[in-house]
Every structure is written in C-alpha cells, then in structure tokens.
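Here the structure is laid out as structure tokens; the discussion comes afterwards.
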Amino acid sequence: MYILHLLGKDFIMITLEHYVSLYLSLDKRIHRKLEVSLHGISEVLFCTTRNCKLTIQKWERESWVKWSPGRGRGNKSTLTFLKNPVNLLMDESRRLVKKGKLQAAQNLISEYSKEFPGLEEDFADWIETLFGYRAESENRDVLRLKYGKQPFSPLDPTLATLRSECHILKHVCDTLIFYNEESNHFEPRLAFHWEHNEAGDQWIFYIRKGIKFHDGSRLTSRDIQHTFERFMLSEGNPYRWMLQDLEEAVILGEHSIKLLLKKPNHLLLHLLSDEHLSIVRKSDSKDIYLDKLVGTGPFRLVRNDGSMLIMDANESYFRERPFLDSVEFWNVSEDREDRTPVKTEMEFGYYRNKEKKDDNRKRVNRIEKNVQFLSLNGRKEGPLKDPMLRRAIQAIADPSLLVAELGEFRQQSAAFFLRDEENSREVDITDLLLRSSYNGEELLLYTFQDRDHVEDTTWLKQRCMAYGVSIKTVYLPAEELLRSDTMAEADIIHDSATVTEQEELSFLQLILAENSPIWHHLSDELRERLLAEIDLLKSLESHDERLKRLFIIEEKLLETCQLLPLYKNLSELESEEGIQQALINSQGWIDFYRIWFKRN
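Okay, structure coming up:
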C-alpha cells in the first residue's frame, strides 16, 4: 500500500512519505517510545539498511523523531515520533501550492485522506484562507504625492497608454499571473495553478476561490472569459495583437478556464501578466470605466476627477492588506523654472537641483528602463523616404551630445533598446545630405507637451537648422498625439518606451501596439519582414533563442533608421527616514503595495 513512486518527487516529499508510511505501519501515536529494528524499518520503506539510516538521520535533523540505536546483542533500537503527520502533510501541501504545483498537493492530500479523516477538509479550509480578510489599522497612513503632469484619464486596461496609467492599473487590478522582475519568474496571482498540453496550444488556469471585486461581487471564470472577449472586441483597443492567437476562452467551471490558441505561443504567460490584460468585472454596460474602475487589486479607486486621484486600501485583499490606508495624487502643475521638490511627505521623479541635499531625508535613484527615442515615418510620402536623409538625421540626433549638452536627469545615452552598448556613429553629415534628395522641405516633429520633450525637440530643431534641415515642432497632449491620423501625419515623433525585464513583451509592445508611432511609421515591406520574425519568435520555447530573434528585429529597425534611441533617465526618490520599502522600479515608479511607515 505504501510503495513509493519516486519519479517526479523531490527529496522533501520522499522523506515525508517515508515518515508517514512508517507511522501508519507502527503505533500511529506521537511521543511514545517504540522498539524497532533497522531491518524492520527498511522492509516498510522498501530500502536498504544503509538508506534507512540516512533517512532516520534526516528525520532527526528535522526534529521529526527521536532515535536511540540498540547497543549489544538482543537490545532493540527505540524510535519516538515527534511530529503529527497531519501537520507535516499540510505543511508540504502548502509548499507545493505556493510553488504552483496544485496537482501534486491534491494528490498528496488524496493519498492519505482515508488514513487521516478530516485532512481533505483542513486542506480545503486552508485554500480558502488564501483570500483572507485584514482589519483596518488604528492609525490612518496616507501617502500623498504631487503629480504635475496631465490628469489621469478614465482608467481602462484596454486603453491605458501612459506609464502613470499603467502603474495605477497594477494597484487597482490583478492579472491571472504575475511576473516577478526581481527573480525573473512567474508567480501565481488570480490563478494559483496552470498547466498546458505538450503542443502548447491549450492552457488551463485554476482560479483562487473567495476573491472579491471592490464592489463585493465574487470573481469567477466568467469574469476572465468576459475580460478576454472584451479585450479582443473592444473598439479602439491598441493592444489587440496580444491576444491575436487566442481562438477561444472556454469555461470549465466556476474557478477554471481553458484557453485554446490558434497556434502555440510561448509568450502567453508574459502576455497574461501584463496590466493591459488585468481582469475586470463582467458587466453588460460599456461605460463602467467612465466612473471608476472596479478591480480586485490591493487598492480600490475612489476618486479620479482630474484634480485628484485617490486609492484606498482594499480591506479584504486576497494576498494581504497594504500597510498604506490611502494613496493620493494631487494634480499640481510644475510651472516653476526649477523643479526642486517642496518638502512634502515624499517626492519622486526627475530632479534638476540634485546637489541641494537634506541630511534628514533619504534618496534612492535608478536609471530607468524607459528609453527616449525618435520614430521616423517611413510610410509617409516625402523627404524621409530617402535613406540618406534618415541617416543624416540619425547622426544629427547624437545621443551622447544631447545628454552632454542638456544633462540633468538625462543620465545615459542609448544606442540600443535591449543592450547597454555603445555604437559609434562617426559619419559626414554634410556629405549624407548632399547625397540625399532633400531640398529644404519642412519636416513635422511632433511630441508631448512635457518639459523634457520640449527641451529635447528644441535642441534637435537647432541641431537640424545648423545643417540646413528645416523642422517644425508641434506639442500635443497624449490623447491627441497618439491618434492614428496624427501619427501618420508626423514626419518624426519624439516618444519614450519602457523595455522591462520582460524584454520580449515590452519591445514587441513598442512595435505592434497601435498607439505606438513605430507601427504607424513602418513601410509595408518592413512590416512584413518584422511580422515574419515575430511569428518565428513566438514559436520558440527557449528564452535565449527568442532574445536572439529580438536582437535581429531591433537591428532591422536601427539599420533602416526607422527607430533612433536617444537616452535613459535617472529617476530619483526622496523620502523621510520613516518611510520604508520606497523603491523605484524599472519604469521609474514606486510600488505602493510594499511601502510602510515606521513610527517613532
């Protein structure tokens, strides 16, 4: 009955099953000294006497047993069980579930449910506690931040464009799974287990029970099906490419769903961890986001009216309640010449006056993964169809010179998006212009209204003028700049993009998202070549192989002067000493879920 099937089981599992097997074959009580022999134990465990000794030593180190070997002829050894097997089985099942091995945990519990009545019920009760409730703390801790840019738009995962909007989504909503940028591994989130067939075109996700949306309704697989269908059918969704390989989302039960793909896509887990695929409540209303977004995340959105955005802690968050009771963004315009922060509870962003430091405040900084870039329109009929002119503009927009002359938060020139390498561009700009067909035509350079974009494009315009290239700069709000007709009209767009630790997803987002200027500026020929490379990339199971294809895609964009990287920013955060876990992520933002205040 207790023969062990060792294949596929780790050492901890084997050690535990040995322990339970021996416990069930003997007295079935703990803290009772039993007379045993090594030979008798080895017969129960189906192992050699030598391995039997090693197993007992392991149990002793874990304080599971007390072992006294017999001394002399006729003296038996004694063994005392110190740990209740039920507790050990529960501990092991928790470990397996936390590692995403749900089936193994269920098999373990099922295997011993007859011998230990109530074990299955205890396990089911523990699963429910994963969605536990936290009472509100006595003191109300509020993090208030000044936000000097444009107000947050009505938040909709299918439409969020700016980094600020995406960051808020991550706190208000959850995704099926989570990508941990620190460990570079996927972790359970709304789904606590997933599995797929050998071909990789059918995936099943098992959803946690007991999760509630902020309005009190319970999360089920119907909400997930609705989210994906809405994502694919939503008009104006610029990220539809992310689920273009999804054939159907099939509900298997209240808490399980199967995704059927048209073809294997080894980027699926990356896609499902992206905030644009945040799970939203099923609703027949098309206007549920015009008021406020209802998610399952650690914070609930209580106000977003243009002047202020407020998120309050989700008291019943299924992971654990945030320490912060509320996060507030006040929309305060930055109209001063310098951007030296006022001493509020916390400041973060780009600092122009970094030398004025306060010894009573902490500062941390990080070079962002966000890259400022120029997109040259290779689709529009006009001067930029000429590769010589594009190469000349590439040389004029010298990233090292831009960083050296404008400085401040512009920390590191960028020759690539995916690599931190230098790229020498010593070319004769005048010669390139003479060899081109350019004849003084005015080029339209569009960008955002933020001060850093204005400064960059002013610098570029002056550089172009010095070489006889005429530039007209146009500054637009984000919602207008990122319209398809606006991007198609521009000759050049100054924008930025974040390439996170999920290189494949974030770089493909830059190319394929319909609110990215790159997609609208690609010629038909280049689009076709890149889409073929991307299809190949998605079919590759190896991350290293996919990265090689990604480098090829980047190289094609750079060698055609379609995409011109400029620089990366230095983000700096300043806070009071009592604020803990205030860390800047790769996108230049801070995780409000982790922050806490140390009170004196």
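The opening residue of the sequence shown carries number 2 in our numbering; numbering runs sequentially from there. Ideal placement from N, C-alpha and C gives every residue a C-beta, glycine not left out. It should be emphasised that the depicted structure is a prediction, and the values quoted were computed from it without experimental measurement.
Reduced DSSP category for residue i - H, G, I as helix; E, B as strand; rest coil
i, result
"Lys599", "coil"
"Arg528", "helix"
"Asn436", "Correcting the residue identity first, residue 436 is Arg in this sequence and not Asn. Arg436: helix per DSSP, three-state reduction."
"Asn108", "helix"
"Phe153", "coil"
"Leu1", "Nothing in the structure corresponds to residue 1, since the chain is present only between 2 and 601."
"Pro566", "strand"
"Ala314", "strand"
"Met14", "helix"
"Asp592", "coil"
"Arg550", "helix"
"Val143", "strand"
"His168", "helix"
"Arg223", "helix"
"Phe508", "helix"
"Gln503", "coil"
"His521", "helix"
"Arg231", "helix"
"Leu244", "helix"
"Phe330", "strand"
"Glu481", "helix"
"Glu423", "coil"
Test item: CB-CB of residue i and residue j under 8 Å
i, j, result
"Gly383", "Ser524", "no"
"Val37", "Ser64", "no"
"Ile212", "Arg219", "yes"
"Leu567", "Ala398", "yes"
"Ser327", "Asp387", "no"
"Ala415", "Lys569", "yes"
"Glu1", "Ser471", "The requested residue 1 is not part of the displayed model; the chain covers only 2 to 601."
"Val295", "His215", "yes"
"Leu433", "Arg392", "yes"
"Ser274", "Phe374", "no"
"Glu542", "His267", "yes"
"Glu116", "Leu25", "yes"
"Phe179", "Arg164", "no"
"Lys67", "Thr81", "yes"
"Leu419", "Ile394", "no"
"Tyr594", "Pro323", "yes"
Local Cβ density within 10 Å of residue i, reported as buried at 16 or more and exposed below that
i, result
"Asn440", "exposed"
"Val303", "exposed"
"Pro478", "exposed"
"Lys29", "exposed"
"Ala106", "buried"
"Gln245", "exposed"
"Arg547", "buried"
"Pro673", "Because the chain here runs from 2 to 601, residue 673 falls outside it and cannot be looked at."
"Pro118", "exposed"
"Asn305", "buried"
"Ala533", "exposed"
"Val333", "For Val333, the predicted structure reports a pLDDT of 48, less than 50, and the residue's modelled location is therefore unreliable. A value from the coordinates is still provided. Answer is exposed; the Cβ neighbour count stays below 16."
"Ile553", "exposed"
"Ala125", "exposed"
"Arg33", "exposed"
"Ser507", "buried"
"Ala136", "Model confidence at Ala136 stands at a pLDDT of 28, short of 50, so the residue's coordinates are unreliable and nothing is read from them."
"Arg223", "exposed"
"Thr459", "exposed"
Rounded distance between the beta-carbons of residue j and residue i, thought under 8 Å
i, j, result
"Lys381", "Val500", "That belief does not hold up - the Cβ atoms of Lys381 and Val500 are roughly 26 Å apart, past 8 Å."
"Ile280", "Leu177", "7 Å"
"Tyr468", "Ile430", "6 Å"
"Leu27", "Leu17", "The pair is not a contact, with the Cβ atoms about 16 Å apart (cut-off 8 Å)."
"Leu1", "Glu93", "Because residue 1 is not part of the residues shown, which for the chain are 2 to 601, the question remains open."
"Val404", "Ser497", "The pair is not a contact, with the Cβ atoms about 15 Å apart (cut-off 8 Å)."
"Glu166", "Ser154", "6 Å"
"His19", "Thr56", "5 Å"
Residues bridged to residue i [DSSP beta-bridge criterion]
i, result
"His495", "Leu375"
"Ala192", "Ile208"
"His186", "Asn181"
"Ser257", "Tyr207, Gly254"
"Ser69", "Thr79"
"Glu36", "Thr79"
"Arg301", "Asp313"
"Phe418", "Beta-bridge pairing links Phe418 to no other residue."
"Thr474", "Leu446"
"Arg411", "Asn570"
"Leu262", "Leu247"
"Lys213", "Arg219"
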